[in-house]
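A short worksheet on the structure shown next.
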Amino acid sequence: MIALPHECFFIILNNLRTNYNSLFSCLLVNRKWCRFIIPILWSEPTNYFDDKRLIRIYLLSLNYEEKTLLIPFNILFPNYPKPLFDYTSYTKTVGFRLKNGIKNWLRYEGCKLDKSCDSNIIYDYYYRRDENELVNAIKCSLIGMFLRTSKKLKHLSFNRTICNKIMLKNLYRNSNITSIDFYVYKFDSVAIDLLVEILYQCTALDSLDLSYNQLDSIKWNAIVEAFSKNFTLTSLDISNNRLGSEGIESLAMALSMNINLISLNIGSNKIGSKGIEALTYALYKNTTLTSLSLSFNELDFKSGKTLAEALCINTTLTFLDVCGNKVGFEGVKALAIALCKNVSLTSLNLSRNEIDDEGGKALAEAFYKNNALTSLDLSCNLLEFEGGKALVEALYKNATLNSLNLRNNMLSSKDQNKLKKIVNTTQISIVW
150 MIALPHECFF IILNNLRTNY NSLFSCLLVN RKWCRFIIPI LWSEPTNYFD
200 DKRLIRIYLL SLNYEEKTLL IPFNILFPNY PKPLFDYTSY TKTVGFRLKN
250 GIKNWLRYEG CKLDKSCDSN IIYDYYYRRD ENELVNAIKC SLIGMFLRTS
300 KKLKHLSFNR TICNKIMLKN LYRNSNITSI DFYVYKFDSV AIDLLVEILY
350 QCTALDSLDL SYNQLDSIKW NAIVEAFSKN FTLTSLDISN NRLGSEGIES
400 LAMALSMNIN LISLNIGSNK IGSKGIEALT YALYKNTTLT SLSLSFNELD
450 FKSGKTLAEA LCINTTLTFL DVCGNKVGFE GVKALAIALC KNVSLTSLNL
500 SRNEIDDEGG KALAEAFYKN NALTSLDLSC NLLEFEGGKA LVEALYKNAT
550 LNSLNLRNNM LSSKDQNKLK KIVNTTQISI VW
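Residue numbers for the sequence shown follow this note's numbering, so the first one is 150 and each next one is one higher.
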């Protein structure tokens, strides 16, 4: 009997990575299987960070320097032999849920109060006192430990309040981190300096999420220079901030010179028509961006026309999200004309844009000429039977579109049934 190569064993067992019961059963088969399964089980522990037992094991991996930072808090460190395996070396991602596990561990094991006290009283003592300082200090030491011990760590989520010199030193030394989520409720000068340093020092970083940070144009302008000089970042999410048109103007200037960014999400930033003008100018020059989200940005029909002009020239964008704006008939008419010329866009989201039957008919006309678009979302608009009928009938002549979302329009049940009879003769998937 021919023995399976180790690679085959790993592939087979890795297919069970979401089936923990089966993996734990296989763990006990023999030593070789155990060596394969342990890295799989401990590679993505994010969903189990709530478990205090996990935190206990991680605390055992702290070195002297990382423990020293926690001495002032008078916590009760676990007193067990070190684990048989170096579990933290397999970790690929560390997320925000680590905080929940730390709280649970403090509640049941980490407090040096009278153990005859109720666990809720013990926890309240720490929670009411300096919960943020205590929990963040532990989280900071643990993240520093992950950065020091894991050779496979790729994704990291953290905020300014958990940063200290040890953690940052390990972060800058770690050449494996490719993705960072950075969240600061109140973005101050310290957070800006830290983020700028990360952009300069983390040379392997290719994905950065800065969403929900209350970044305004002034704060963003202090960061954008570092962004323009970063040559590794391919994905940037700065959605749900306060950049406005001024912040987008500085971003657009950097984008026109950037040759690496592939995906950009600037949704919910109130960029308006002035901001879209600056951005479309960058789209004329940029030749790498393939995905752009402009959702909920107070774009009107003029913005729709400006965006359409860019689509007539840009040949790299494949995904465009304009959800939650008000481009209306005039804007969608201009976009429809652009779709007749554009040869690269494959996915377009125009949901929640007050598009009526006339807008639907304009898009239907584009279907007869466009042979690139494969997915179109028109949900939550004002389409009635005539607009829906024009779109569905156009599908007969279009050989590429395979997904159309018409959910939550003004189509009655009777209208939908009529359209479904037409759709039955096409291969397209329509969501009603």
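Glycine included, every Cβ here is placed at the ideal spot set by N, Cα and C.
CA nearest to the CA of PHE516, picked from GLN565, CYS529, ASP330, LEU484:
If you number the sequence shown from 1, residue 516 lands on position 367. Shortest Cα-Cα distance from PHE516 to any of GLN565, CYS529, ASP330, LEU484 involves LEU484.
What residue from GLU282, LYS314, PHE198, LEU296 has the CA that sits closest to ILE251's CA?
Working through the sequence shown from its first residue, we reach residue 251 at position 102. Comparing Cα-Cα distances from ILE251 to each of GLU282, LYS314, PHE198, LEU296, the minimum goes to PHE198.
Check whether the region 547-567 touches the region 524-537, taking contact to mean three or more Cβ pairs, one atom from each stretch, closer than 8 angstroms.
Between the region 547-567 and the region 524-537 there are three or more C-beta pairs closer than 8 angstroms, enough to call the two in contact.
Sequence-distant residues of its chain with Cβ nearer than 6 angstroms to ALA137 (five each side left out):
Since the first residue shown for the chain is 150 and the last is 581, residue 137 is missing from the structure and cannot be characterised.
Which of the three DSSP states is assigned to VAL333 in this structure?
In the sequence shown, residue 333 corresponds to position 184, counting from 1. It is coil, neither helix nor strand.
With 16 other Cβ atoms within 10 Å as the buried cut-off, status of GLU215:
As a working note, residue 215 is residue 66 in the sequence shown. By the C-beta density criterion, GLU215 is buried, having at least 16 other C-beta atoms within 10 angstroms.
Under 8 angstroms: do the region 425-444 and the region 391-400 share three or more Cβ pairs, one atom per stretch?
Flag = yes, the region 425-444 and the region 391-400 touch.
Apart from the five residues on each side of it in sequence, which residues of its chain come closer than 6 angstroms, Cβ to Cβ, to ASP358?
Stepping through the sequence shown from its first residue, residue 358 is reached at position 209. Only ASP330, ASP386 meet the Cβ criterion.
Would you mind listing the alpha helix (DSSP H) stretches within the region 163-239 that are 4+ residues and don't spill past its ends, in chain order?
Contiguous alpha helix (DSSP H) elements confined to the region 163-239 occur at 169-176, 180-190, 201-208, 213-217, taking only those with 4 or more residues.
Taking DSSP as the reference, what is the three-state secondary structure of ASP449?
In the sequence shown, residue 449 corresponds to position 300, counting from 1. ASP449: coil per DSSP, three-state reduction.
Note down, in chain order, each residue of its chain lying with its Cβ closer than 8 angstroms to the Cβ of THR455, except the 5 sequence neighbours on either side.
Residue mapping note: residue 455 aligns to position 306 of the sequence shown, counting from 1. Hits under 8 angstroms: SER422, ILE425, GLU426, THR429.
Could you tell me whether the Cβ atoms of ILE160 and CYS175 are closer together than 8 angstroms?
Sequence index remark: in the sequence shown, residue 160 carries index 11 (1-based). Sequence index remark: in the sequence shown, residue 175 carries index 26 (1-based). In this structure, CYS175 does not lie closer than 8 angstroms to ILE160 by Cβ.
Whole-angstrom C-beta distance between THR383 and SER360, which should lie under 8 angstroms:
In the sequence shown, residue 360 corresponds to position 211, counting from 1. In the sequence shown, residue 383 corresponds to position 234, counting from 1. With a Cβ gap of about 17 angstroms, SER360 and THR383 do not count as contacting.
Keeping to the same chain, check which residues put their C-beta closer than 8 angstroms to that of LEU162; ignore five residues upstream and five downstream.
Sequence index remark: in the sequence shown, residue 162 carries index 13 (1-based). So the qualifying residues of the chain are LEU172, CYS175, TRP182, PHE185, ILE186, ILE189.
Expressed to the nearest angstrom, what Euclidean distance is found between the alpha-carbon atoms of PHE245 and ILE204?
Here residue 245 refers to the residue found at position 96 when the sequence shown is read from its first residue. Here residue 204 refers to the residue found at position 55 when the sequence shown is read from its first residue. Roughly 14 angstroms separates the two Cα atoms.
Could you compute how far the alpha carbon of ASN170 sits from the alpha carbon of ASN491?
Position 21 of the sequence shown, counted from the start, is the residue given in the question as residue 170. Position 342 of the sequence shown, counted from the start, is the residue given in the question as residue 491. The alpha-carbon atoms of ASN170 and ASN491 are separated by roughly 50 angstroms.
Measure from the alpha carbon of LEU525 to the alpha carbon of each residue in CYS157, ALA286, VAL471, VAL339, then state which is nearest.
Position 376 of the sequence shown, counting from 1, holds the residue named residue 525. Comparing Cα positions, the closest option is VAL471.
Range covered by the beta strand (DSSP E) that runs through SER366
Here residue 366 is taken as the residue at index 217 of the sequence shown, counted from 1. According to the DSSP assignment, SER366 belongs to no beta strand (DSSP E) but to the alpha helix (DSSP H) extending over 366-377.
Would you mind working out which of HIS304, ARG202, MET294 sits nearest TRP254, comparing C-alpha positions?
By one-based count along the sequence shown, residue 254 stands at place 105. Of the candidates HIS304, ARG202, MET294, the one whose C-alpha sits nearest the C-alpha of TRP254 is ARG202.
Could you name the residues of the same chain whose beta carbon sits closer than 6 angstroms to that of ARG166, not counting the 5 residues immediately before and after it, in chain order?
On the sequence shown, residue 166 is found 17 positions in, with the first residue counted as 1. Taking C-beta separations shorter than 6 angstroms and ignoring five residues to either side along the sequence, the partners of ARG166 in its chain run ILE189, following chain order.
Sort out for me which residues DSSP pairs ILE462 with in a bridge.
The residue you call residue 462 lines up with position 313 of the sequence shown. Within the DSSP bridge table, the entry for ILE462 names no partner.
Looking only at C-alpha atoms, which of LYS563, ARG501, GLU503, ILE486 sits nearest to LYS518?
Translated into positions along the sequence shown, residue 518 becomes position 369. Ranking the options by Cα distance to LYS518, first place goes to ILE486.
Could you give the first and the last residue of the continuous alpha helix (DSSP H) run that contains SER399?
Counted from its first residue, the sequence shown places residue 399 at position 250. 393-406 is the extent of the alpha helix (DSSP H) around SER399.
Tell me, to the nearest whole angstrom, how far the beta carbon of LEU392 is from that of SER366; I am working on the premise that it is less than 8 angstroms.
Here residue 392 is taken as the residue at index 243 of the sequence shown, counted from 1. Here residue 366 is taken as the residue at index 217 of the sequence shown, counted from 1. Taking the Cβ atoms as the reference, LEU392 lies roughly 6 angstroms from SER366, within the contact range of under 8 angstroms.
Report buried or exposed for VAL100, applying the criterion of at least 16 other Cβ atoms within 10 angstroms of its Cβ.
No answer is possible for residue 100: the residues shown for the chain start at 150 and end at 581.
By DSSP, does ASP358 sit in helix, in strand, or in coil?
Sequence index remark: in the sequence shown, residue 358 carries index 209 (1-based). In the displayed model, ASP358 falls within a strand according to three-state DSSP.
Give the secondary structure of VAL284 by DSSP, where H, G and I count as helix, E and B as strand, and everything else as coil.
Here residue 284 corresponds to residue number 135 of the sequence shown, with the count starting at 1. Three-state result, VAL284: helix.
Alpha helix (DSSP H) segment containing LEU432, residue limits
Within the sequence shown, the letter at position 283 stands for residue 432. Note, LEU432: alpha helix (DSSP H), 421-434.
Any idea what DSSP makes of VAL476, helix, strand or coil?
Taking the first residue of the sequence shown as 1, we reach residue 476 at position 327. In the structure shown, VAL476 sits in coil (DSSP, three-state: anything other than H, G, I, E or B).
Please state whether DSSP places ILE347 in a helix, a strand or coil.
Within the sequence shown, residue 347 is the residue found at index 198, counting from 1. In the structure shown, ILE347 sits in a helix (DSSP, three-state: H, G or I).
Specify, as a first and last residue, the run of the beta strand (DSSP E) that LEU320 falls within.
For the purposes of this step, residue 320 is taken as the residue at position 171 of the sequence shown. It is not in any beta strand (DSSP E) - LEU320 instead sits in the alpha helix (DSSP H) that spans 314-322.
By DSSP's criteria, SER306 is part of a beta bridge. Which residues make up the other side?
By 1-based counting over the sequence shown, the position of residue 306 is 157. Per DSSP, the beta bridge partners of SER306 are ASP330.
CB-CB under 6 angstroms to VAL580, same chain, minus the five flanking residues each way: which ones, in chain order?
For the purposes of this step, residue 580 is taken as the residue at position 431 of the sequence shown. If you ignore the 5 residues before and after VAL580, its C-beta comes within less than 6 angstroms of the C-beta of ASN554, ARG556, all in its own chain and listed in chain order.
Please state whether DSSP places LEU512 in a helix, a strand or coil.
Within the sequence shown, numbered from 1, the residue matching residue 512 stands at position 363. DSSP places LEU512 within a helical segment (H, G or I) once states are collapsed to three.
Neighbourhood of GLU447 by C-beta distance below 6 angstroms, restricted to the same chain and skipping five residues each side
On the sequence shown, position 298 is the one that residue 447 refers to. Setting aside the 5 residues that flank it on each side, GLU447 is surrounded in the same chain by LYS419, GLY421, each with a C-beta closer than 6 angstroms to its C-beta; the list follows chain order.
Cross-strand partners of CYS260 (DSSP beta bridge)
Position 111 of the sequence shown, counting from 1, holds the residue named residue 260. In DSSP, CYS260 forms a bridge with ILE224.
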